[in-house]
Amino acid sequence: MEIIRFIPLIGFLLFCLQIGIRAFVLHQKGTPLSVQKKQKSKGISTVLLTAFFVVFLNELVYKAGFIGFSVLPDELQPLLTGQILLAISGTSLILLANLLMLLTLRSINQSLRFGLDKRNLGKLVTSGIYAWSRNPFFLSINCLFVGICLVFPTPFFIGICTLTLVSVHLFILKEERFMHENYGENYKNYSKKVRRYF
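Residue numbers for the sequence shown follow the UniProt record's numbering, so the first one is 1 and each next one is one higher.
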């Protein structure tokens with residue numbers, strides 16, 4: 001079962017690669033992908049996101065055994081390590097997250113957007129995996145982070161997982177208000193038929 005420790009790193013990289021490739025292809029086609037924000041706030045959030053990404057990736061690489069050091073203090077390392085049932089469950093969720101993201105990106109095709117922008121709405125997608133979940137993109141993010149947390153149940157990963165779940169849910173609530181305002185009756189009917197998560 002030693003292979004399980006590699007799954008979170010591979011799964012996370014695959015997940016990011018899927019989104020990155022789709023974003024690159026859409027950018028090459030001239031599709032606007034994100035909301036243009038003020039330069040100062042964009043710089044701060046970019047620095048924070050980059051720092052988080054470096055620490056998170058370092059921990060995944062460390063846990064996989066590719067490097068011998070962690071940037072985090074020892075107190076944030078041990079917890080429920082060695083629980084094989086947790087690790088298998090986590091691995092399953094990581095694989096599910098990548099499958100969900102693949103199906104999501106296929107369904108949204110040209111409608112991938114980052115942020116909420118009334119000038120860049122895109123098409124309301126209700127087919128494919130969106131016929132079963134209104135938020136498969138975010139559901140896949142949740143599955144990925146819960147899966148990683150189950151494979152490596154340390155205080156660091158539990159904290160990141162909790163923060164991710166809360167942040168994603170709050171963003172979904174904000175996005176739903178935005179969708180109601182901008183897609184009106186179409187979104188209202190869609191949200192009556194399809195649940196928020198699954």
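Think of the CB as a built atom: it goes at the ideal place given N, C-alpha and C, for glycine as much as any other residue.
Which listed residue (the options) has its alpha carbon closest to that of residue i
i: L150; options: P8, F178 and L14; result: P8
i: L99; options: Q83, E2 and I19; result: I19
i: V166; options: I141, M179 and Q28; result: I141
i: P155; options: I67, L33 and D74; result: D74
i: F66; options: R5, S89 and L86; result: R5
i: V54; options: P136, G43, V71 and I21; result: V71
i: I158; options: F145, L170 and F52; result: F145
i: L103; options: N182, R177 and F15; result: F15
i: K123; options: K192, N109 and W132; result: N109
i: L121; options: M101, N182 and G90; result: N182
Cβ shell of residue i (< 7 Å), same chain only, five flanking positions each side left out
i: S107; result: V125, S127, G128, I129 and Y130
i: R196; result: R134, N135 and I172
i: A64; result: R5, F6 and L9
i: F178; result: L116
i: V168; result: F138, I141 and N142
i: H27; result: L33
Beta-carbon proximity check, residue i vs residue j, cutoff 9 Å
i: F152; j: E2; result: no
i: L96; j: G147; result: yes
i: F138; j: I84; result: no
i: R134; j: V194; result: yes
i: F56; j: I160; result: yes
i: F12; j: I88; result: no
i: R22; j: L112; result: yes
i: F114; j: L170; result: no
i: S191; j: E175; result: no
Residues near residue i in its chain [Cβ-Cβ closer than 6 Å; skip 5 each side]
i: H180; result: Y187
i: F198; result: S133
i: G90; result: G147, L150 and V151
Beta-carbon contacts of residue i that lie in its chain and below 8 Å, excluding the five residues immediately before and after
i: V61; result: L9 and I67
i: L86; result: L80, L150, V151 and P153
i: L105; result: Q18, I19, R22 and L112
i: T164; result: I141, N142 and F145
i: S92; result: G147
Count the C-beta pairs between the segment 47-57 and the segment 185-197 that are closer than 8 Å, then say yes if the count reaches three, no if not. Flag = no, the segment 47-57 and the segment 185-197 do not touch.
Mind pulling the alpha helix (DSSP H) runs of 4 or more residues that sit fully within the segment 45-112? You should have 84-108.
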